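Everything in the sequence shown is counted per UniProt numbering, starting at 1 for the first residue and increasing by one.
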Amino acid sequence: MFASCAQLSPRLRVRWTLREAANAIDVGLEAAVGSEYYMAFGWADPARNVSMIGADVAVAGFTEEGLPFADDYFVTKYSECLLRGDGGAEGVCPDTFYDRRNGSTAGDASVNNTRLVYGHRRDGVSFVRFSRPLASPDKRYDVAVNATREMTVIWAIGLLRQPDLLRPYYLPLNHGAPAGTAYGFLTLNVSAATNGCPGPLDAEDKEDQGRITAERQTPLVVTTGPALHYPNPPNPEKVLYINKKEAPLLKVERGVPVTFSVEAGHDVPLYITSDAVGGNATARNMSEIIYAGSPTAEGVPATPTELVWLPDRNTPDLVYYQSLYDPKMGWKIQVVDGGLSDMYNNSVLLDDQQVTFFWTLSGDSINIAARGEKKSGYIAIGFGGAMVNSYAYVGWVDSNGKGHVNSYWIDGKDGMSVHETHENLTYKRCRSENGVIIFEFTRPLTPSCSGRVECKNIIDPSTPLKVIWAMGSQWSSGRLSVKNMHSVTSNRPVRILLLSGLAEAVEDLRPVLAVHGFMMFVAWGLLLPGGIVAARYLKHVKGDLWFQAHTYLQYSGLAVMFMGVLFAVAELRGFSFKSTHAKIGAIAFTFTCMQPVNAYLRPHQAENGEILSRNRITWEYLHTYTGRTALVAAVTALFTGLQHLGHRYGSKTIKGLTCGLVVWVVSAVLVVAYLEYMKVKRRRDGVDGLMHKFVLGNTEEDDSVDLLQSDRFDSKMDSGSPGSMEVQLEPLKG
């Protein structure tokens, strides 16, 4: 396929065919690397001698979907591609990045002169073929290739950063390895035919040939078969097969149960071990850890044995499945953290649904994880209402592929205001999966320190925790700069109830809550107190006006209160009595609902001359004090409701409402005091007579006597009482 080939490193080859008449050269890059690696090859700037700065290179590799790509890149700095604030770029960037201000795009042929021809991956080896012009019309970012003279070429292999919102291109990370291993220089004359590539390029890890991902509730059938392509020779003649594949690489997720259906024979019990050789390695490896399996985990196709293994967050990234008796029959198990929802008891999507927050409460500590839903260079989560004055945790992966998790205190909006702290974080873990950052850590609920700012970072599971997030393209330890500033942030914090697993966004007062509060104020600030006032202070008015006003106002208030409760239930998606406001409101609601039932079951008022029954006296006490208790509880519920909203939406929003309610209550107390004074005055002047008594009655019976007053036991038949009268009845004469 190619006229020439050169061995650039033990893992990388370049093949080429010169088509000078067509002003083109076809290049093929072949590397024994994983699918997550890039291959870079190009020509150095002749004016700079041996240097990567100013080099024109093609970066090739495979996308997440397994499709090949090859793009034209230009090197301006020994760093990853970074976007400047003025719209420019620096580092190892696509040519189109440098020309974005002129409107160029990824497919702009005038800038991106590298054209993909073909690509594949086989047996762990990547191969990508592309063509490029010898003399490009792009004089700014392309180096002209002289087909008849020797020129310096550069090459590199390394991990590939997947596209994200900030940089929608496949970008090479720093190779981070010695010269000659991951990068290098070579003097090459493309017109001189050469063949420096003896034999095929062989990959040590042929992961593409046999890889199985365990699925929930899908058994993995374990059998035995001949060793044809065992990945770790020397090996016995018989090895383990999983789902009819010879010793495949098995990928499992933490928190997801893995079910094996063992049918390998009675002499091949299966077990999961930390030892790469297996075969009951404890005798020679005292540090071996057995995660699952035993001598009983054996079976045949007719009577298979089921072995269930649950990897957890403490399971290492690499373990092995092996035979308990014979060594080197199995192979690797790659343990990943894809099953975060299974590893943690609770999870919520934070604001804008771009970051998922996971947590599990465990005694006096909390396990926390954060996962970006889109690709980025780092993820930060913070505890607080805003990034300023918050405790932040940042997870990122450096240029060498190593993950980091650090804690910070932020007291400003620039890089100098981000202060690294020394919180007691354990089980720290951070990784990038196709450009998506995932990090985990465990921390105590209450820091065991004093005198430092992080010692105040206390998590109370019974109190809502405000969580915010940010994403950016680059992070590093030590002093931060504008390069580390975030590019995407949450618009508002999310309040998380750690104990219940519920979350809600902190936002302006919701209409449904506003309606609930307004209805409760109408019911308990106007209607129900008005009914009580009518019954106590309007009895001196002739007729049954006081009773009609009392009845209509009470039932109207009761109806409005019911509607307000329904709005609260709708907002909470059910009944919840965890807050003080809800508990006091439930008390007020219960006592209020007792009043109409109480009124319906009241004993009849005694006829003139009869002694009042004990039931009637008990009823009057119950009715009066139940109503008063409900009123006190309801007013308390109004204040605790405003306090609850203050915790949720901020004190500034609720301050005016609280002041207004205080003024209203004080005004109501003054009005009641005045009415009480007038009532006492009328009583002294003898205006009320007995009509001032408070009794819930109806128009069919005389309930005008209030037995709760001190003179309720005065007998109307007592002839010695002032104002009493004796009447003698005589029969009429016909």
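Note that the Cβ used here is the ideal one computed from N, Cα and C, for glycine as well.
On a predicted model such as this, the values are computed, not experimentally measured, just so you know.
What does a CB cutoff of less than 8 Å around residue i pick up in its chain, not counting 5 residues either side in sequence?
{"i": "Pro68", "result": "Ala60, Gly61, Phe62, Leu116, Tyr118, Gly119, His120, Val128"}
{"i": "Thr315", "result": "Arg254, Tyr291, Val335"}
{"i": "Asn189", "result": "Thr148, Arg149, Glu150, Met151"}
Looking at the structure shown, is residue i part of a helix, part of a strand, or coil, going by DSSP?
{"i": "Gly199", "result": "coil"}
{"i": "Val662", "result": "helix"}
{"i": "Trp309", "result": "strand"}
{"i": "Gln474", "result": "coil"}
{"i": "Leu350", "result": "coil"}
{"i": "Val695", "result": "In this prediction, Val695 has a pLDDT of 43, which is less than 50 and means its spatial position is unreliable; nothing more can be read from the coordinates."}
{"i": "Tyr677", "result": "helix"}
{"i": "Thr618", "result": "helix"}
{"i": "Thr63", "result": "coil"}
{"i": "Asp95", "result": "helix"}
{"i": "Thr114", "result": "coil"}
{"i": "Gln548", "result": "helix"}
{"i": "Tyr421", "result": "According to the sequence as given, residue 421 is Thr; it is not Tyr. The answer is coil: DSSP assigns Thr421 none of H, G, I, E or B."}
{"i": "Ala503", "result": "strand"}
{"i": "Val336", "result": "strand"}
{"i": "Ile654", "result": "helix"}
{"i": "Gln217", "result": "coil"}
{"i": "Met387", "result": "coil"}
{"i": "Thr223", "result": "strand"}
{"i": "Lys539", "result": "coil"}
{"i": "Ser341", "result": "helix"}
{"i": "Arg15", "result": "strand"}
{"i": "Thr187", "result": "strand"}
{"i": "Phe2", "result": "coil"}
For residue i, is the classification buried or exposed, using 16 other Cβ atoms within 10 angstroms of its Cβ as the cut-off for buried?
{"i": "Pro198", "result": "exposed"}
{"i": "residue 735", "result": "The question about residue 735 has no answer, for the chain in this structure spans 1 to 734."}
{"i": "Glu701", "result": "For Glu701, the predicted structure reports a pLDDT of 40, less than 50, and the residue's modelled location is therefore unreliable. A value from the coordinates is still provided. Burial call: exposed."}
{"i": "Thr446", "result": "exposed"}
{"i": "Lys332", "result": "buried"}
{"i": "Tyr393", "result": "buried"}
{"i": "Phe575", "result": "exposed"}
{"i": "Arg443", "result": "buried"}
{"i": "Ser710", "result": "Any reading at Ser710 is ruled out, since the residue's pLDDT is 37, under 50, leaving its predicted position unreliable."}
{"i": "Arg353", "result": "What sits at residue 353 in the sequence shown is Gln, not Arg. Gln353 should be labelled exposed."}
{"i": "Cys659", "result": "exposed"}
{"i": "Met471", "result": "buried"}
{"i": "Ile459", "result": "buried"}
{"i": "Pro137", "result": "exposed"}
{"i": "Gly689", "result": "Caution is warranted here: a pLDDT of 46 is assigned to Gly689, below 50, making its placement in the model unreliable, and no coordinate value can be reported."}
{"i": "Ala673", "result": "exposed"}
So what does residue i bridge to, in DSSP terms?
{"i": "Ser432", "result": "Ile437"}
{"i": "Cys81", "result": "Its beta-bridge partners do not exist; DSSP assigns none."}
{"i": "Thr442", "result": "Asn367, Thr426"}
{"i": "Pro133", "result": "Ala24"}
{"i": "Leu160", "result": "Pro172"}
{"i": "Asp71", "result": "Val59"}
Below 6 Å CB to CB, which residues in the same chain sit around residue i once its five sequence neighbours on both sides are set aside?
{"i": "Trp619", "result": "Arg602, Pro603"}
{"i": "Met520", "result": "Gly564"}
{"i": "Cys93", "result": "Cys81"}
{"i": "Met1", "result": "none"}
{"i": "Ala3", "result": "Thr17, Ala193"}
{"i": "Ser432", "result": "Val397"}
Below 7 Å CB to CB, which residues in the same chain sit around residue i once its five sequence neighbours on both sides are set aside?
{"i": "Arg19", "result": "Ile25, Asp26"}
{"i": "Ala534", "result": "Trp546, Ala549, His550, Leu553"}
{"i": "Leu8", "result": "Val14, Trp155, Gly184, Leu186"}
{"i": "His644", "result": "Ser579, His581"}
{"i": "Arg211", "result": "Pro248, Leu249, Lys251"}
{"i": "Leu642", "result": "Ile654, Leu657, Thr658, Leu661"}
Contact check, residue i vs residue j under 8 Å by CB: the rounded distance?
{"i": "Ile379", "j": "Val355", "result": "6 Å"}
{"i": "Ser477", "j": "Asp351", "result": "Going by Cβ atoms, the distance from Ser477 to Asp351 rounds to 27 Å, so no, they are not a contact pair."}
{"i": "Ile290", "j": "Tyr321", "result": "Contact doesn't hold; Cβ gap of about 12 Å is too wide."}
{"i": "Phe358", "j": "Ile368", "result": "7 Å"}
{"i": "Arg11", "j": "Ala32", "result": "5 Å"}
{"i": "Gly293", "j": "Leu318", "result": "Not quite, the Cβ-Cβ distance comes to about 17 Å (not below 8 Å), so this is no contact."}
{"i": "Ile242", "j": "Val221", "result": "7 Å"}
{"i": "Thr224", "j": "Lys238", "result": "5 Å"}
{"i": "Pro172", "j": "Gly158", "result": "6 Å"}
{"i": "Tyr78", "j": "Met52", "result": "7 Å"}
{"i": "residue 749", "j": "Ala214", "result": "Residue 749 is absent from the structure shown; the chain starts at 1 and stops at 734."}
{"i": "Ser407", "j": "Glu454", "result": "7 Å"}
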